[in-house]
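Going letter by letter, the sequence shown gives residues 68 to 247 in the working numbering. The structure appears below as structure tokens.
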Amino acid sequence: MRSRRPLSILLGVSLCFLATSAVAQYRSRDRGPRERFPQLDVLGGISRYDIDRSDTGPAAALRLALPSGRFFVFEPGVGFLRFENRFGEGISYVMPELSVQIEPIKGPVRPYFGVGAGLTEFLSGRGTNYATMHAAAGVRASIGPRFGLRGDARARTIDPFRQSSFDLMFGVSWRLGTRD
């Protein structure tokens, strides 16, 4: 099978460019009393996977939530999953993804749901690059002007509809801009 490494690198560079440009736009806009700012989330947890065999393994993610308009959030991110195949070999995947989420409630506690797509890039072991699709739901909670907490559940199909994972993660958020 052909390697998708150049496509993964292009997607990663594109996500970084998107994030940098969006943060610059948000810093330059005048905001009202219900302003929303980008936030960087660091998450960790577990993943129940069905990839070659079913088991549970560690999962982590770094995500950038970019509010757009009244209800939408664009979220580029990178996930990590470690699993064992049926031969007992450990395989690590890094997964660049892009989500579109709806955050219908404003305030200190904000539930959301969304969908997205991405790729898998194996870091170790004998793995293969695949396309992914996911559905996500969770909650973002502010605990101060700069910091917050986040819980996220994400059902993902890998090599669409052949393999899957279900991530349950919790973490901290850092708001990238506030009105002080």
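Glycine residues also receive a C-beta, built at the ideal position from the N, C-alpha and C atoms. Keep in mind it's a predicted model, so treat the numbers as computed, not measured.
How is residue i classed by DSSP in three states: helix, strand or coil?
i, result
"Arg115", "strand"
"Glu188", "strand"
"Leu148", "strand"
"Thr195", "coil"
"Glu170", "coil"
"Glu156", "coil"
"Arg103", "coil"
Between which residues of its own chain and residue i is the CB-CB distance below 7 Å, once the five residues before and five after are set aside?
i, result
"Ser135", "Phe141"
"Gly238", "Asp108, Val109, Leu110, Gly111, Arg217"
"Val176", "Val206, Ala208"
"Arg94", "Residue placement at Arg94 is flagged as unreliable, the pLDDT there being 46, under the threshold of 50; the coordinate-derived value follows with that caveat. Only Gly244 meet the Cβ criterion."
Leaving aside the five residues before and after residue i along the sequence, list all residues of the same chain whose C-beta is less than 8 Å from its C-beta, in chain order.
i, result
"Glu151", "Arg120, Asp122, Gly124, Gly157, Ile158"
Output the distance between the C-alpha atoms of residue i and residue j, rounded to the nearest integer angstrom.
i, j, result
"His201", "Ser114", "13 Å"
"Trp241", "Phe154", "40 Å"
"Phe147", "Arg137", "30 Å"
"Leu243", "Leu131", "10 Å"
"Thr187", "Ala220", "18 Å"
"Gln230", "Val182", "17 Å"
"Gln168", "Phe180", "5 Å"
The beta strand (DSSP E) that contains residue i, what's its start and end?
i, result
"Leu216", "214-225"
"Phe237", "230-242"
"Arg130", "120-135"
Looking only at its chain, what residues have a beta carbon closer than 6 Å to the beta carbon of residue i, apart from the 5 residues adjacent to it on each side?
i, result
"Ala222", "Ala202, Phe233"
"Leu190", "Ser159, Val161"
"Ile118", "Phe150, Gln230"
On the premise that residue j lies in contact with residue i, defined as a C-beta separation below 8 Å, what is that separation, rounded to the nearest angstrom?
i, j, result
"Thr199", "Glu170", "Actually they are not in contact, since the Cβ atoms of Thr199 and Glu170 sit about 22 Å apart, beyond 8 Å."
"Ala128", "Gly144", "6 Å"
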